[in-house]
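Residue numbers for the sequence shown, in the numbering used here: 183 to 599. Each residue gets a CB set at the ideal place from its N, CA and C atoms; glycine is no exception. These notes concern the structure reproduced below.
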Amino acid sequence: MKRSVFTAVSTLALVAASVTSMAQAGPEAEVLHWWTSGGEAKSVAVLQQEFSANGGTWTDMPVAGGGGDAAMTALRARVLSGNAPTAVQLKGPAIQEWYEEGVLADITSVAEAEGWDKVLPASIAAHMKCEGQWCAAPVNVHRVDWLWANAEILAANDIAMPSSWEDFNAAADKLMAAGVIPLAHGGQAWQDATVFEVVALGILGAEGFDKAFVDLDPEMLGSDKMVAVFDQMRKMRGYVDPNFPGRDWNLATSMVMNGEAAFQIMGDWAKGEFLAAGKVPGQDFLCASAPGAGFLYNVDSFAMFDVDGDDKQQGQDLLAKLIVGQNFQKVFNLNKGSIPARVDVAMDEFDSCAHLSSAEMTTSSKEGSLLPSYAHGMAMRGAQSGAITDVVTAHFNSDMSSADAVEMLVAAVANSL
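This is how it looks when you write it as structure tokens:
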């Protein structure tokens, strides 16, 4: 008899615990990302805190290394086992590739309720859609085509920020004569590709860049203008110091910061290095869009994966809403050095470089010159971008002629399709 009573009491306790657990259940999200260092970890913590403040339970899944390569290996293992994370840091064509695998969720209801189409530039919004439905949420916009400079060096040599590649070459020649390294650069494939696409935008123009690196048009890839791009790259090679091979990008930024070099061509993550060192834009360092009209973007985003359970789906919806929300867009980008993806975020607390970037993004969006970066995985799939970068690095690190480089470029792209 006593045993029956004990069993009944135990059963009631289990039921009560279950009911309590159900009552406490709320939005849940397991988030896979590779923001594991310094400012990156601080930036993603902002989202985690806001998610928790809205009643959500966040499970962090950071995977360091390889610029996301290790994270993608972990993701594939999870998806193949039928246990995908709620949200995954993805960008560009990689989003569409996962959609084609049939594993992404539809978050259109959130996007429509929050009016994303009204606050995101059309070209950036397009990356977040899969066959018309929203499947990802943009976090920020990094501008790639930036020219950074040491203000003191330019002033000492009576040099203004260049507005054309001819101006840049003249400034570089003057600096070399004065014994100053004109261009801080790291000899890594992605850095070579970054300089190449920035030069290409300036010489090909927005329409030509779009044809070459979005449409992969063989006529534009093999054009005389593309020969001119490689001609300018050959000049750039002459403006870097002999110790550039293998140098990390942030060490190149330090060269500008410390007065060892005058210029660097790098995305606005370089600004974070200057700011972290206490340097003031417009005073210690200068920023300007690189020569040529247009705006090359690299957008971080989170793709939403198919998950089971109301709590996980609620978590997904809450996460998507917060990511594109004005508060997170502001706080995150203040930490990261980028600018908000949505155009209606107040920029009062942002620095002068961010103000310039935001204004030019809006202008470029209206003019049709807001373009995806090929070097940073936004414009095309991996096989094609890899083929182009192989040609760029081969040319940059040899005496290959521009004409031969263009011929190789056309062939490499054709063979990668």
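Query	Result
Using a Cβ-Cβ cutoff of less than 6 Å, which residues in the same chain neighbour K512 once the five nearest sequence positions on both sides are dropped?	V527
Considering only DSSP beta bridges, list what R325 is partnered with.	Y479
Alpha carbon to alpha carbon, what distance is there between A366 and M437?	6 Å
So P473 and P344 are in contact, right, with Cβ under 8 Å, and what is the actual spacing, rounded?	6 Å
On the three-state DSSP scale, how would you describe L143?	Nothing can be reported for residue 143: it is not among the residues displayed for the chain, which extend from 183 to 599.
Would you mind sorting D581 into buried or exposed? The rule is 16 or more other CB atoms within 10 Å of its CB.	exposed
Just tell me which of A434, D530 and V506 has its CA closest to the CA of R162.	Coverage of the chain is limited to positions 183 through 599, which leaves residue 162 absent and any answer about it impossible.
Relative to the alpha-carbon of F362, which residue among N339, E379 and V377 has its alpha-carbon at the smallest distance?	The amino acid occupying residue 362 in the given sequence is Val; Phe does not appear at that position. Closest option to V362, Cα to Cα, is N339.
Among L591, A557 and E589, which residue has its Cα nearest to the Cα of V377?	A557
Check whether the region 587-599 touches the region 397-406, counting contact only when three or more Cβ pairs, one atom from each stretch, lie closer than 8 Å.	yes
If L383 sits next to L478, beta carbons under 8 Å apart, how far is it from one beta carbon to the other, in whole angstroms?	6 Å
What residues in its chain sit with their C-beta under 6 Å from that of A576, if we drop five residues either side in the sequence?	none
Quick test of the definition: if touching needs 3 or more C-beta pairs under 8 Å, does the region 421-434 touch the region 296-314?	no
Could you tell me which of L229, R416, Q271 and G519 sits nearest to E455, measuring between CA atoms?	G519
Could you please give the first and the last residue of the uninterrupted beta strand (DSSP E) stretch that includes L552?	L552 to P554
On a Cα-Cα basis, can you pick out the residue from G264, W431, V574 and I335 that is closest to G441?	I335
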